[in-house]
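Structure representation (structure tokens):
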């Protein structure tokens, strides 16, 4: 009836190791995705800063060209001369710089939009990571509670098992002691029966011997009486009536003793039958109680085994459903980023 409690202890430990590995893998994946997102955000910010610096430089150069053009125009208006060829050659460069400035401004705006989108994604990822951490903490608490409950039930079951073992051992000892008493009583009863049968046989033999002696004496007395009547002597031996009375007294005493022995034997037999029936009923009752206890112990072991399997299945299902869904959702969100 002993169960493998080490196997039960190994199952929660293996399940806890699986849970810890899943949590560590999820945390590592979230940290890697968060680091990658931060790197993307940082590179985007650096690119935006470079674009902003380039735009400022281009704007400064455009302002410089404009001021230079204004000075040239003022100088031409003041002198009334022709437009220098150098200014005519620099004008296309100015247009190219303006076009490039517009392109850089557009790129800067697009980078700003990307930066804003990345920041929003980072905020969402932080929210998802926070929710995942809360789910992991909740799962850890639920798992700890379920493990403590399972360990408590296992300890309670072990205590009840030890109690049942002690109870069964005590009942087994009582049954063996009762069986020894039955065997001893049966041996004593058989010895008493044999002794009583032997005494009755001796009494019957003594009774038969005394009956024969009495019959012989009676025959002798009858023959003597007839012989004296025929001879006419009329005298009677005085010892013969005394012997006859003695034989009658012994016969009555033997009959009384035989009757008493018979009554005693019948009483002992009836008492032995009653005690034997009582002991047999007690043995039957203890056997039924032992069988019932064994059946209850087996049913309890089956119930504990079913409860353990149910708890493990529920923990596995809830663990893999919640952690798996959160892990997949975080991976999808990080892929979108």
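Numbering (the working numbering), first residue to last: 79 to 415. Heads up, the beta-carbon is just placed ideally off N, CA and C, and yes, glycines get one too.
May I have the straight-line CA-CA distance separating residue i from residue j, to the nearest angstrom?
| i | j | result |
| --- | --- | --- |
| residue 334 | residue 276 | 17 Å |
| residue 381 | residue 364 | 25 Å |
| residue 279 | residue 328 | 17 Å |
| residue 141 | residue 195 | 33 Å |
| residue 161 | residue 112 | The predicted model places residue 161 with a pLDDT of 48, which falls under 50 and marks its position as unreliable; any figure quoted below should be read in that light. Looking at the two C-alpha atoms, the distance is approximately 60 Å. |
| residue 259 | residue 286 | 40 Å |
| residue 339 | residue 290 | 22 Å |
| residue 173 | residue 156 | 26 Å |
| residue 257 | residue 263 | 10 Å |
| residue 230 | residue 345 | 59 Å |
| residue 204 | residue 116 | 11 Å |
| residue 96 | residue 379 | 27 Å |
| residue 368 | residue 374 | 10 Å |
| residue 235 | residue 104 | 36 Å |
| residue 270 | residue 253 | 25 Å |
| residue 98 | residue 109 | 16 Å |
| residue 281 | residue 324 | 17 Å |
Could you have a look at residue i and say whether DSSP puts it in helix, strand or coil?
| i | result |
| --- | --- |
| residue 312 | Low confidence applies here, because residue 312 scores a pLDDT of 46, under 50, leaving its location unreliable; read the following figure in that light. Residue 312: coil per DSSP, three-state reduction. |
| residue 114 | helix |
Does the ligand FMN have a heavy atom nearer than 7 Å to the CB of residue i?
| i | result |
| --- | --- |
| residue 366 | In terms of ligand content, the structure shown is empty, and the ligand FMN therefore cannot be addressed. |
Identify, in the order they occur along the chain, each residue of the same chain with its Cβ nearer than 8 Å to the Cβ of residue i, setting aside the five sequence neighbours on each side.
| i | result |
| --- | --- |
| residue 227 | 389 |
| residue 189 | 122, 125, 126 and 129 |
Given residue i, which residues of its chain have a CB within under 7 Å of its CB, disregarding the five upstream and five downstream residues?
| i | result |
| --- | --- |
| residue 176 | 140 |
| residue 182 | 129, 132, 133 and 136 |
With a threshold of 6 Å on Cβ separation, who are the neighbours of residue i within its own chain once the five nearest residues in sequence on each side are excluded?
| i | result |
| --- | --- |
| residue 131 | none |
| residue 214 | 101 |
| residue 385 | none |
Go through the segment 271 to 298 residue by residue and report every complete run of the alpha helix (DSSP H) that reaches 4 residues or more, in order. none
Residue ranges of each alpha helix (DSSP H) run of no fewer than 4 residues wholly in the segment 349 to 396, ordered along the chain? none
Give, in chain order, every unbroken run of the alpha helix (DSSP H) that is at least 4 residues long and sits entirely within the segment 180 to 211. none
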